[in-house]
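In what follows, a single structure is set out as structure tokens and then discussed.
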Amino acid sequence: MKKALQVLSIFVALAAFTFFASAKKGEQHEIFEEIMKKGFKSTEEKPALLKKVVEGSATAEEKTKLAQYIKKLVTLKPPEGDADSWKKKTQALNAAMEKNDLKALKNAANCKACHKVHK
Numbered sequence: 014m015k016k017a018l019q020v021l022s023i024f025v026a027l028a029a030f031t032f033f034a035s036a037k038k039g040e041q042h043e044i045f046e047e048i049m050k051k052g053f054k055s056t057e058e059k060p061a062l063l064k065k066v067v068e069g070s071a072t073a074e075e076k077t078k079l080a081q082y083i084k085k086l087v088t089l090k091p092p093e094g095d096a097d098s099w100k101k102k103t104q105a106l107n108a109a110m111e112k113n114d115l116k117a118l119k120n121a122a123n124c125k126a127c128h129k130v131h132k
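Going letter by letter, the sequence shown gives residues 14 to 132 in the numbering used here.
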């Protein structure tokens, strides 16, 4: 009986860990989706915040929001690929945004270069 309780306890602990790990991964995925859709992906109806910032048509509020999105990207784990590569790419984005270096921001925001390695 004691052994059965130990096995059951281990099973419950593993199930809880798996549940919370997948929930955290799901939350991170939702954060990525929001950042990519609102910050980086343009539609015909609505340009992305990045595009507006690079073109110089963003409001101060929009610049602040993009900066927040980029800062959040720096703290996230990459969905795939090397963590050091992720850190380098997201920190380059963040540095360009902080310096208001639009040319560097545009170069650092190369979607294909990042998605090829991390998506």
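Where a beta carbon is used, it is the ideal one built from N, C-alpha and C, also for glycine.
- When rounded, the separation of the alpha-carbon atoms in D97 and N113 is 24 Å.
- Taking the Cα positions, V67 is about 31 Å away from G39.
- Spanning the alpha carbons of K116 and E57 requires a straight line of approximately 23 Å.
- The beta carbon of A80 sits closer than 6 Å to the beta carbons of M110 from its chain, once the five residues preceding and following it are set aside; these are given in chain order.
- Around the Cβ of K102, a 10 Å sphere holds 16 or more other Cβ atoms; the residue is buried.
- Between the C-alpha atoms of K90 and M49 there is a straight-line separation of about 15 Å.
- Going by beta carbons, H42 and E93 fall outside the 8 Å limit.
- DSSP places A126 inside the alpha helix (DSSP H), whose first and last residues are C124 to H131.
- In the DSSP assignment, K50 falls outside any alpha helix (DSSP H) and carries neither an H nor an E.
- I44 is a Cβ neighbour of K85, given a cutoff of 8 Å.
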